[in-house]
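Protein sequence lines, in the order shown, are assigned to chains A and B. Note that the first sequence covers residues 19 to 267 in our numbering. Note that the second sequence covers residues 19 to 267 in our numbering. Heads up, the beta-carbon is just placed ideally off N, CA and C, and yes, glycines get one too.
Number of protein chains: 2
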Amino acid sequence: MAKRDTQILEIVTSEKKVEVAQLAERLGVSTVTMRKDLDALQARGLVVREHGYAMLANPNDVGGRLAYHFAEKRLIARRAAAIVADGGTIMVESGSCCALLARELADSGKTVTIITNSAFIANYVRDAANVTVVLLGGTYQRDSQVMVGPLVRTCAQEFYVDQLFVGTDGWIDGVGFTNADQMRADAVRSMAEAASEVVVLTESEKFGHHSAMPLRLTGKRVTLVTDDGIGSEWRASVERLGIGICCAS
Amino acid sequence: MAKRDTQILEIVTSEKKVEVAQLAERLGVSTVTMRKDLDALQARGLVVREHGYAMLANPNDVGGRLAYHFAEKRLIARRAAAIVADGGTIMVESGSCCALLARELADSGKTVTIITNSAFIANYVRDAANVTVVLLGGTYQRDSQVMVGPLVRTCAQEFYVDQLFVGTDGWIDGVGFTNADQMRADAVRSMAEAASEVVVLTESEKFGHHSAMPLRLTGKRVTLVTDDGIGSEWRASVERLGIGICCAS
DNA sequence: GCCCCATTGTTTCGTTCGCAATGCTGCTAC
DNA sequence: GTAGCAGCATTGCGAACGAAACAATGGGGC
Chain A
19 MAKRDTQILE IVTSEKKVEV AQLAERLGVS TVTMRKDLDA LQARGLVVRE HGYAMLANPN
79 DVGGRLAYHF AEKRLIARRA AAIVADGGTI MVESGSCCAL LARELADSGK TVTIITNSAF
139 IANYVRDAAN VTVVLLGGTY QRDSQVMVGP LVRTCAQEFY VDQLFVGTDG WIDGVGFTNA
199 DQMRADAVRS MAEAASEVVV LTESEKFGHH SAMPLRLTGK RVTLVTDDGI GSEWRASVER
259 LGIGICCAS
Chain B
19 MAKRDTQILE IVTSEKKVEV AQLAERLGVS TVTMRKDLDA LQARGLVVRE HGYAMLANPN
79 DVGGRLAYHF AEKRLIARRA AAIVADGGTI MVESGSCCAL LARELADSGK TVTIITNSAF
139 IANYVRDAAN VTVVLLGGTY QRDSQVMVGP LVRTCAQEFY VDQLFVGTDG WIDGVGFTNA
199 DQMRADAVRS MAEAASEVVV LTESEKFGHH SAMPLRLTGK RVTLVTDDGI GSEWRASVER
259 LGIGICCAS
């Protein structure tokens with residue numbers, strides 16, 4: 019049941035490590051059912067199992083970040099997947115929403131080509147025959163499994179696509195979206211040069227936080243896909259920079 | 019014990035799927051010990067565990083191919099690792115011996131940079147802080163997790179290194195080494211253009227077999243690292259093409 | 001020659017796991 | 001309305017599992 023999945027993820031993300039039996043009791047189901055649920059979540063890369071426990075994956079990994087706000091992220095990913103044409107080619111950056119977008123596309127059965135700098139995403143949709151992945155070269159970031167550095171730009175220049183999908187970790191009023199890692203932020207810019215439109219995927223909770231590196235997507239057509247929890251003041255702030263908004267619900 | 023590891027691998031590779039208890043009995047150890055061994059092998063990516071069973075990984079994956087002739091391959095990888103300088107940069111292709119070479123370097127503690135077209139290798143040495151990985155871009159081959167296609171050449175051109183390490187699946191007298199996959203063979207040639215020497219890593223069993231795509235490494239200095247099971251007639255055949263031989267033992 | 005420490009394998013114990021049979025709920029067709 | 005069906009969840013059982021404490025082995029160092 020989809021509802022229980024999100025409850026499980028909420029508990030696991032807040033407590034990092036939970037006994038399976040305890041989890042079963044708290045949600046009022048048997049341990050057998052709980053193990054089945056957890057196995058399904060593990061197959062999707064959202065939790066890690068150990069004998070008797072369910073744990074959060076390393077939060078530096080994309081896998082760990084996926085579990086936070088999973089319900090919203092999937093909603094956003096699903097909405098974004100809808101605007102990708104069958105037979106199309108898109109660029110995708112390495113954020114957790116982006117990984118879910120790739121997964122949604124893989125499950126949709128659409129034939130798509132995904133150009134990405136995330137080795138995690140390449141692996142995440144490895145089972146899907148309808149998805150062709152082109153991986154951009156670069157220096158491999160150990161934790162995040164993302165390619166960064168000058169080679170990303172060299173590779174990205176070989177392409178030109180309609181849309182680049184990116185994640186973000188915050189928003190600064192009057193400045194725009196931000197990213198905590200300067201190497202990854204630079205990779206985003208490299209990829210943005212090879213796309214006519216940038217689609218930013220992020221939960222509404224990210225508004226009100228920000229980190230140090232503005233993405234500086236000025237001069238590009240930018241669209242935001244987020245959930246409907248975004249407040250009207252932030253919505254105005256986004257629109258003021260000429261960014262289109264698309265709410266998933 | 020290292021000896022038992024190879025015995026386990028021999029059994030698992032020949033039978034694909036074995037009960038843990040049966041395996042323990044056949045090698046004369048307790049089930050607890052056997053499980054400990056299998057867990058260690060799983061951590062190295064050589065087998066896959068299931069409740070009660072040990073199975074071979076998908077043989078299309080590098081993980082599965084690793085298990086075949088593991089002892090010889092590791093010997094070869096260890097010998098090859100010895101010729102890599104501390105602080106050096108090498109190129110590595112996607113074969114299973116190459117993956118073991120990367121693993122040996124990771125465990126050696128040497129500071130090295132590995133330029134590769136194998137996302138599997140990047141992930142395989144992800145834990146090692148002493149290894150920096152540069153991943154070459156390209157079309158991601160689902161099964162093998164290897165990048166191929168024209169982007170590999172574009173990326174490889176950005177570098178020039180002393181040594182490129184490659185695997186092979188066969189040898190044709192008078193022609194040279196071969197590879198079954200034409201995309202991967204082309205990737206090897208692309209990478210070879212950016213290296214002054216090509217070091218081929220392969221078990222001696224591969225001599226006597228061959229597949230359809232010659233690697234055509236003519237014009238390069240080529241060295242073969244193999245195990246001491248190579249017959250004198252094959253040795254002569256190799257030397258006749260001006261290829262140096264280095265036997266691990 | 002002897003001791004000490006490290007490694008490797010074993011035993012035991014309580015817990016968790018996978019599986020198959022069974023029970024429960026909600027749905028559709030008639 | 002109800003018969004039949006399909007999808008979840010539960011129960012019960014034997015096998016497998018992880019942890020930890022214990023025994024055997026096997027080299028150095030003095």
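Could you tell me the alpha carbon to alpha carbon distance between residue i and residue j, rounded to whole angstroms?
i	j	result
Ala99 of chain A	Cys265 of chain A	13 angstroms
Gln159 of chain B	Val80 of chain A	21 angstroms
Arg83 of chain A	Gln163 of chain B	23 angstroms
Val50 of chain A	Val66 of chain A	17 angstroms
Gln200 of chain B	Glu223 of chain A	48 angstroms
Ala58 of chain B	Gln25 of chain B	14 angstroms
Arg121 of chain A	Val143 of chain A	6 angstroms
Val179 of chain A	Val151 of chain A	14 angstroms
Asn141 of chain A	Glu251 of chain B	43 angstroms
Arg22 of chain B	Leu45 of chain B	8 angstroms
Gly185 of chain B	Leu93 of chain B	14 angstroms
Gly70 of chain B	Met109 of chain B	40 angstroms
Lys54 of chain A	Val36 of chain A	15 angstroms
Ile263 of chain A	Thr107 of chain B	46 angstroms
Asp104 of chain B	Ala137 of chain A	27 angstroms
Arg62 of chain A	Ala117 of chain A	11 angstroms
Asp125 of chain A	Thr31 of chain B	33 angstroms
Gln175 of chain B	Gly113 of chain B	21 angstroms
Ile190 of chain A	Asp204 of chain A	18 angstroms
Thr241 of chain A	Ser214 of chain A	11 angstroms
Thr131 of chain A	Leu169 of chain A	20 angstroms
Gly127 of chain B	Leu259 of chain A	50 angstroms
Give the C-beta separation of residue i and residue j to the nearest angstrom, bearing in mind that I take them to be a contact with Cβ-Cβ under 8 angstroms.
i	j	result
Val243 of chain A	Val217 of chain A	6 angstroms
Met209 of chain B	Glu111 of chain B	6 angstroms
Asn155 of chain B	Gly155 of chain A	Checking the sequence shown, residue 155 of chain B turns out to be Gly, not Asn. At roughly 3 angstroms, the Cβ-Cβ gap stays under 8 angstroms, so Gly155 of chain B and Gly155 of chain A are in contact.
Leu64 of chain A	Leu41 of chain A	That pair is no contact at about 14 angstroms.
Asn148 of chain B	Thr129 of chain B	5 angstroms
Leu119 of chain A	Leu219 of chain A	7 angstroms
Gly188 of chain A	His227 of chain A	5 angstroms
By the criterion of Cβ-Cβ separation under 8 angstroms, what are the contact partners of residue i in chain B?
i	result
Cys173 of chain A	Gly155, Leu169, Thr172, Cys173
Ala137 of chain A	Ala137, Ala140, Asn141, Leu153
Below 9 angstroms on C-beta distance, what does residue i contact in chain A?
i	result
Ala203 of chain B	Correct list: empty, because the minimum Cβ distance to chain A is about 19 angstroms.
Arg144 of chain B	Tyr158, Arg160, Asp161, Gln163
Can you tell me which residues form a DSSP beta bridge with residue i?
i	result
Met231 of chain B	B:Asn197
Trp252 of chain B	DSSP, once it has assigned bridges, lists no residue as partnering Trp252 of chain B.
Thr244 of chain B	B:Cys265
Leu219 of chain B	B:Val243
Ile190 of chain B	B:Gly194
Ala213 of chain A	A:Val179
Phe225 of chain A	A:His227
Taking residue i as the query, report the chain A residues whose CB atoms sit under 7 angstroms from its CB, ordered along the chain.
i	result
Tyr158 of chain B	Ala140, Val151, Val152, Leu153
Glu176 of chain B	Leu169, Thr172
Would you check whether the ligand FMN has a heavy atom nearer than 7 angstroms to the C-beta of residue i?
i	result
Leu74 of chain B	Among the components of this structure there are no ligands whatsoever, and the ligand FMN is therefore not found.
Original post:
Quick one: complete beta strand (DSSP E) runs, 3+ long, within the region 23-91 of chain B?
Top reply: 35-37, 65-68, 71-74
Original post:
What are the complete beta strand (DSSP E) segments, minimum 3 residues, inside the region 149-184 of chain B?
Top reply: 149-153, 156-159, 164-166, 179-184
**OP:** Would you list, in sequence order, the uninterrupted alpha helix (DSSP H) runs of no fewer than 4 residues that lie entirely inside the region 98-143 of chain B?
**Re:** Within the region 98-143 of chain B, the complete alpha helix (DSSP H) runs of at least 4 residues are 114-126, 137-142.
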